[in-house]
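Structure record follows, encoded as structure tokens.
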Amino acid sequence: MSNYQELLARKRELEKSIEATRKKESVEALATIRELIATFGFTAQQVFPFQPAAKKKVQAKYYDPQTGKSWSGRGKAPKWLEGVDRSQYEIQAPRSTPSQPLDENNPFPIQ
1 MSNYQELLAR
11 KRELEKSIEA
21 TRKKESVEAL
31 ATIRELIATF
41 GFTAQQVFPF
51 QPAAKKKVQA
61 KYYDPQTGKS
71 WSGRGKAPKW
81 LEGVDRSQYE
91 IQAPRSTPSQ
101 PLDENNPFPI
111 Q
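In full-length UniProt numbering, the protein residues as written are 1 to 111.
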């Protein structure tokens, strides 16, 4: 019967062999996958259909024209809003009529 050290050495050899075979077969598998994607013209959405939706960034609710900083109104209020009337920093709702063009110098108009 083999002793413990011989078994450990055999185990290490098998692990090396397993890893080498895995690498070789994964390269072959990836080449096959790429070939099939190119042959059939699959899109990323078709290959990976269940990707979670990206989180949407919350729109800013307050804007400081002096510093250019904005805040969504969620979480702890920034220092520039501490102890002041927040209504003076509120961002107006987006204009829906084309007769009122946005001021390109100030993308966050103040009420």
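For glycine and all other residues, C-beta sits at the position ideal for the given N, C-alpha and C.
task: Kindly indicate which three-state DSSP category residue 6 falls into: helix, strand or coil?
output: helix
Length of the line joining the Cα atoms of residue 83 and residue 67: 17 Å
field: Rounded C-alpha distance that separates residue 35 from residue 21
entry: 21 Å
- request: Find out if the Cβ-Cβ distance for the pair residue 72, residue 60 is shorter than 8 Å.
  value: yes
message: Tell me the rounded alpha-carbon separation between residue 77 and residue 45.
response: 39 Å
In DSSP terms, what residue 70 is bridged to: 63
query: Shortest alpha-carbon distance to residue 92 belongs to which of 69, 63, 16?
result: 63
message: What residue range does the alpha helix (DSSP H) around residue 47 cover?
response: 44–47
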